[in-house]
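Numbering (mature numbering (1 follows the signal peptide of the UniProt record, and there is no 0)) for the sequence shown: -21 to -1, 1 to 156.
For reference, the structure discussed in these notes is given below.
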Amino acid sequence: MKNLKQLTFTICMLITFGAFSQNDKDQEIMSDAQSAKMKLIEADATLKEYFDSAAGYVLFPNVGEGAFIIGGATGNGVVYEDGDAIGMASLTKLDIGLQAGGQAIIEIIFFETEAALMEFKEGQFEFSAEASAVAVESGVAAKASYSDGVVAFALPKAGLMAEASVGGQKFTFTPFD
């Protein structure tokens, strides 16, 4: 009986610490996302219109990409609907082609309509192979437009890479409980 109580206590502690550590990770990503939003608007003030008018958006504050012939990218972000955080997202990409280097970027995807956002939340969203993000620089967002209810922007943080596509990225969405 004593062993059963110890086992139950140990399992409860592991579950509790696991839940808090995940929450800490999510909180850190959410904080990074707020900082990234400010950096994006600082780099191009016309992005504010997208933040204000989009049905929703997903902001990946730290996307890491690396490649030498075979490339990949990964990142975690926050999903917003009508300006409120509703869940977390992850991004992965694997591709083969003429590419070399590495970079860290901020990536944001705006959803013009509720239908486009719903497609993302239901796991049905994937960029086409030829899709690319608009590089953020002053005034560029004013010239960009939605395609199929979606537009993506990227702001390099560090590194240099001879490739800027978002095609083939896959996403997962985990709503807050």
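Yeah, the Cβ is synthetic: ideal placement off N, Cα and C, and Gly gets one too.
Only a predicted model underlies this, so the values are computations on that prediction, with no experimental measurement involved.
At a Cβ-Cβ threshold of 8 Å, D74 and G147 count as neighbours. With fewer than 16 other beta carbons inside 10 angstroms of its own, G118 counts as exposed.
Where A95 is concerned, the enclosing alpha helix (DSSP H) starts and stops at 93 to 100.
8 Å or more divides the Cβ of V58 from the Cβ of V42. Contact between Y29 and A120 holds, with the beta-carbon distance rounding to 6 Å and staying under 8 Å. Bridge partners of F89 according to DSSP: Y36, V130. As computed with DSSP, D74 is found in a beta bridge with G50. Assignment of D61 by DSSP, reduced to helix, strand and coil, places it in the coil class. The beta carbon of F152 sits closer than 7 Å to the beta carbons of V58, G66, A68, F99, K100, G102 from its chain, once the five residues preceding and following it are set aside; these are given in chain order.
Taking C-beta atoms as the reference points, I84 and K136 count as a pair closer than 8 Å. The beta carbon of G35 is closer than 6 Å to those of Y59, E60, F90, L96 in its chain, skipping five residues each way along the sequence.
If you compare the alpha carbons of A123, K122, A15 with that of N55, the shortest gap goes to A15. A79 and G51 have their C-alpha atoms some 11 Å from each other.
Short of 6 Å from the beta carbon of A12, and not among the five residues preceding or following it, lie these beta carbons of its own chain, in chain order: L38, P40, V57. Ranked by how close their Cα comes to the Cα of K72, the residues E105, A94, E93, E7 have E105 in first place.
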